[in-house]
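*Asks:* Got a structure here, written out as structure tokens. Questions coming.
Now the structure itself:
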């Protein structure tokens, strides 16, 4: 009996050991000190003390996810039904929605699999199964799509929830950042790196922003009413933001990361207000707020980010850091710069169209293109 037990224990240990070895090998490969840290430093050198507190990777994964769930419930149970929905009714925001088509299990399965882009072979097969013509099936699919698509009220509420998050951490961020010395001397973002202590207010700044972006990221999966390409774009945008913040936290690039947050989030506030005014049918207010958004956007994303932050990233940071993780971070920041340039080009095209007598259109909204699709499908 004892021999069998010893044999079983030995076999179990033999089976588990390779798994542990693989996990240990992957962990050592993932957290290689020569990748993450400046030359000559080890992870033991970055243990928090009574005088220096360093970012903990556990914090950036645990707290934003937990608080994101709380924030999601807060928005769903309190903000939306008790604040934004009554406000939408008060402002007369349209809640007109296309009714659902007659239930059809075969066509419902077809819609879930292909959406509106049904292959001809599948369309013919469905026609034979249901007895409907191909034209009737296409009409059913378009009506099914329109019945779940965001209407004006949905977009108003969606913007209101986003406005709440962006306003909260924009106000909080600006209230704490002006007391930080690296705001006035950006080279302090790199000097004496990585021995930069993480202050409690910056900890809350990062965690609160990530909380909101995790909520936005998950919400895009749970809201099927947005146009598909617009939805995928927003998912990608939120994923890149989460990746950039998580990476900067892990590498303790908190100082430059906080500046990036401070510069980028303020422009969304007037943009979202203008969008809500437009969904409420107040074009005059939207047109009045748009110039404010334009000024804030140009100052923050076209001047401060490239000529203040990115200038320091390219010319100051490389004098202090040469490890691979620093170059990955610089690559991510450069990608953000390119995204800003693309958005700026879209904004300026809207401005030109407005000057020529066109209609003010949000460069990150699909409402107009969806209306065009409706007209084409009639």
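Residue numbers (UniProt numbering): 1 to 378.
Backbone N, C-alpha and C fix where the C-beta goes; we use that ideal spot for every residue, glycine too.
(1) Considering Cα atoms alone, identify which of 136, 342, 220, 176 is closest to residue 297.
(2) Which residues in the same chain as residue 119 place their Cβ atom closer than 6 Å to its Cβ, once the five residues preceding and following it in sequence are excluded?
(3) Please go through the same chain and pick out, in chain order, the residues whose beta-carbon is closer than 6 Å to the beta-carbon of residue 57, but skip the five residues on each side of it.
(4) Does the ligand SAH have even one heavy atom less than 7 Å from the beta-carbon of residue 260?
(5) How far does the alpha helix (DSSP H) with residue 328 in it extend, from its first residue to its last?
(6) I'd like the ranges of any alpha helix (DSSP H) spanning at least 4 consecutive residues and lying wholly in the stretch 75 to 158.
(7) Can you have a look at residue 11 and say buried or exposed, based on whether 16 or more other CB atoms are within 10 angstroms of its CB?
(8) Give the straight-line distance between the Cα atoms of residue 371 and residue 147, rounded to the nearest whole angstrom.
(9) Which residues in the same chain have their Cβ closer than 7 Å to the Cβ of residue 334, if we skip the five residues on either side of it in sequence?
(10) Among 103, 164, 158, whose alpha-carbon lies nearest the alpha-carbon of residue 137?
(11) I'd like the span of the alpha helix (DSSP H) that includes residue 270, first residue to last.
(12) Decide if residue 345 is buried, meaning its Cβ has at least 16 other Cβ atoms within 10 Å, or exposed.
(13) Could you tell me which of 161, 165, 131, 117 sits nearest to residue 142, measuring between CA atoms?
(14) Are the CB atoms of residue 53 and residue 198 nearer to each other than 8 Å?
(15) Go to residue 291, then tell me how far its alpha helix (DSSP H) extends in each direction, as first and last residue.
(16) Between the C-alpha atoms of residue 144 and residue 108, what's the straight-line distance to the nearest angstrom?
(17) Between which two residues does the alpha helix (DSSP H) containing residue 311 stretch?
(18) In this structure, how does DSSP classify residue 29 when only helix, strand and coil are distinguished?
(19) Check whether the stretch 282 to 298 touches the stretch 185 to 197, taking contact to mean three or more Cβ pairs, one atom from each stretch, closer than 8 Å.
(20) Helix or strand or just coil, what does DSSP make of residue 170?
(21) What whole-angstrom Cβ distance do residue 72 and residue 218 have, given they're in contact under 8 Å?
(22) Nearest to residue 55 by alpha carbon, out of 306, 245, 330?
(23) Could you name the residues of the same chain whose beta carbon sits closer than 8 Å to that of residue 402, not counting the 5 residues immediately before and after it, in chain order?
(24) In whole angstroms, give me the CA-to-CA distance for residue 70 and residue 111.
(25) Using the three-state DSSP reduction, which class does residue 3 fall into: helix, strand or coil?
(26) Express the C-alpha separation of residue 195 and residue 45 in angstroms, rounding to a whole number.
(27) Residues in its own chain within less than 7 Å of residue 262 by CB, not counting five upstream and five downstream?
(28) Measuring alpha carbon to alpha carbon, tell me which residue in 354, 332, 323 is nearest residue 41.
(29) So residue 255 is in the alpha helix (DSSP H); what residue range does that whole segment cover?
(30) Quick check: what's the CA-CA separation for residue 239 versus residue 318?
(31) When you compare only the Cα positions, how much space is there between residue 91 and residue 273?
*Replies:* Taking the geometry as given:
(1) Among 136, 342, 220, 176, the Cα nearest to that of residue 297 is on 342.
(2) A distance below 6 Å between beta-carbons, with the five flanking residues on each side excluded, links residue 119 to no residue of its chain.
(3) 250
(4) By its list of ligands, the structure shown contains no ligand whatsoever, and the ligand SAH lies outside what it can speak to.
(5) Run containing residue 328: 324 to 355, per the alpha helix (DSSP H) assignment.
(6) 85 to 90, 105 to 114, 120 to 130, 134 to 148
(7) For residue 11, the predicted structure reports a pLDDT of 43, less than 50, and the residue's modelled location is therefore unreliable. A value from the coordinates is still provided. When all chains shown are included, residue 11 counts as exposed.
(8) Bear in mind that a pLDDT of 44 at residue 371, under 50, signals an unreliable position, so the model cannot answer this.
(9) none
(10) 103
(11) 268 to 279
(12) exposed
(13) Distance check between residue 142 and each of 161, 165, 131, 117 places 117 closest, using alpha-carbon atoms only.
(14) yes
(15) Unbroken alpha helix (DSSP H) run through residue 291: 283 to 297.
(16) The straight-line gap from Cα to Cα measures roughly 8 Å.
(17) 310 to 315
(18) helix
(19) no
(20) helix
(21) 7 Å
(22) 245
(23) Residue 402 lies beyond the range of the chain shown here (1 to 378); nothing can be said about it.
(24) 33 Å
(25) Here the model assigns residue 3 a pLDDT of 44, short of 50, so the residue's position is not dependable, and the following value carries that caveat. Of the three classes helix, strand and coil, the one that applies to residue 3 here is helix, per DSSP.
(26) Roughly 9 Å between the two C-alpha positions.
(27) 173, 174, 177
(28) 323
(29) Taken as a continuous stretch (DSSP letters only), the alpha helix (DSSP H) holding residue 255 covers 254 to 265.
(30) 27 Å
(31) Rounded to the nearest whole angstrom, the C-alpha separation of residue 91 and residue 273 is 14 Å.
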